[in-house]
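Those letters in the sequence shown? Residues 1 to 226, per UniProt numbering, in order. From the three backbone atoms N, C-alpha and C, an ideal C-beta is built for every residue, glycine too. Note that the structure is predicted; figures quoted are calculated from it, not measured.
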Amino acid sequence: MSTSEDASTGAVITLDGLDLAALVASRVCHDVISPVGAIVNGLEILEDEKDEGMRGFAFDLIKKSAEQASARLQFCRIAFGAAGSAAAQLDLGDAEQVARGFVVDQKTSLVWEAKRQLLPKNIVKLLLNLVLVATTTIPRGGEIKVTSEGEGEATSFAIVTTGVSARVPANVLDLLAGRAPEDRVDAHVIQPFYAGLVARAANMTVTIEAEIEGEKIVTRARPAAA
């Protein structure tokens with residue numbers, strides 16, 4: 001299977017700026033609400049619990065959840081926000097750091113072999129959004145490997161996800177191309193739709209291929225001219 005943004009049919013959806021901002025904000029809130037809720041639960045345990053064992057559990061829960069919330073906010077700040085807005089470029093080293101904080105857990109590992117360099121902001125934002133898309137291709141966990149070729153605006157990326165039952169989620173290719181089922185975009189699908197917007201703004205072409213059915217998915221981003 002090999003499909004690209006251009007393979008879809010139907011009209012491209014155009015969102016009002018306010019609607020886009022609202023949907024992206026909803027997605028960011030979705031990413032952080034779980035660890036923030038866990039922090040609240042931990043604080044409630046500390047307030048009511050006298051058992052030292054349970055209090056220790058609560059402290060561990062608060063610490064872990066606070067670290068997770070911070071990592072997700074740092075990731076979203078670059079992937080969705082205007083981090084470093086005073087500059088036209090972002091450091092791939094910073095992208096690696098926030099990607100590790102967001103992606104790595106007990107089920108998923110991240111191998112980052114992309115060359116460290118300064119790149120136009122939208123290219124870095126696209127890479128992080130494609131890493132996020134890649135996490136959805138291995139629902140049971142596995143490995144995400146990020147590599148790059150070239151330099152500057154000629155840089156291309158490959159994101160290889162390997163895991164049991166690896167697959168391309170339904171409608172992701174259409175969403176990357178700016179299309180959606182029933183011509184409707186909501187907070188559940190805004191992330192790949194947004195990734196497609198960033199790709200077009202960065203003049204990049206995105207493809208997703210299943211190289212070994214059920215084991216490996218390869219997402220590539222190349223300069224459109226290539």
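Residue i and residue j closer than 8 Å at C-beta
i: residue 171; j: residue 189; result: yes
i: residue 71; j: residue 101; result: yes
i: residue 221; j: residue 157; result: yes
i: residue 169; j: residue 136; result: yes
i: residue 95; j: residue 127; result: yes
i: residue 151; j: residue 191; result: no
i: residue 24; j: residue 80; result: yes
Nearest-angstrom Cα separation, counted from residue j out to residue i
i: residue 122; j: residue 201; result: 7 Å
i: residue 139; j: residue 215; result: 12 Å
i: residue 133; j: residue 143; result: 13 Å
i: residue 41; j: residue 59; result: 11 Å
i: residue 17; j: residue 49; result: 47 Å
i: residue 52; j: residue 22; result: 43 Å
i: residue 62; j: residue 69; result: 10 Å
i: residue 29; j: residue 82; result: 16 Å
i: residue 1; j: residue 208; result: For residue 1, the predicted model reports a pLDDT of 29, less than 50, meaning its position is unreliable; a value from the coordinates is still stated below. C-alpha separation (whole angstroms): 9 Å.
i: residue 19; j: residue 26; result: 11 Å
i: residue 90; j: residue 54; result: 43 Å
i: residue 167; j: residue 103; result: 18 Å
i: residue 11; j: residue 196; result: 14 Å
i: residue 15; j: residue 187; result: 13 Å
i: residue 115; j: residue 183; result: 38 Å
i: residue 149; j: residue 97; result: 20 Å
i: residue 57; j: residue 31; result: 23 Å
i: residue 203; j: residue 43; result: 47 Å
i: residue 163; j: residue 47; result: 42 Å
Minimum C-alpha distance to residue i - residue among the options
i: residue 165; options: 206, 217, 221 and 198; result: 217
i: residue 161; options: 111, 58 and 115; result: 111
i: residue 99; options: 117, 90 and 75; result: 75
i: residue 93; options: 141, 25, 211 and 147; result: 147
i: residue 198; options: 78, 159, 53 and 167; result: 78
i: residue 105; options: 125, 80, 31 and 141; result: 141
i: residue 210; options: 194, 31, 173 and 47; result: 173
i: residue 205; options: 25, 153, 115 and 31; result: 153
i: residue 176; options: 103, 19, 73 and 194; result: 194
i: residue 73; options: 54, 11 and 35; result: 35
Cβ-Cβ separation, residue j to residue i (assumed contact under 8 Å), whole Å
i: residue 178; j: residue 33; result: At roughly 28 Å, the Cβ-Cβ gap does not stay under 8 Å, so residue 178 and residue 33 are not in contact.
i: residue 155; j: residue 119; result: 6 Å
i: residue 39; j: residue 66; result: 6 Å
i: residue 219; j: residue 159; result: 4 Å
i: residue 113; j: residue 145; result: 7 Å
Beta carbon proximity, residue i to chain B, threshold 8 Å
i: residue 38; result: The structure shown contains no chain B; it holds only a single protein chain.
* Asked: Whole alpha helix (DSSP H) runs in the segment 98 to 139 with 4 or more residues, listed along the chain?
  -> The segment 98 to 139 contains these whole alpha helix (DSSP H) runs: 121 to 135.
* **Every unbroken alpha helix (DSSP H) inside the segment 134 to 204 [4 residues or more]** => Counting only runs of 4 or more, we get 172 to 176 and 190 to 201.
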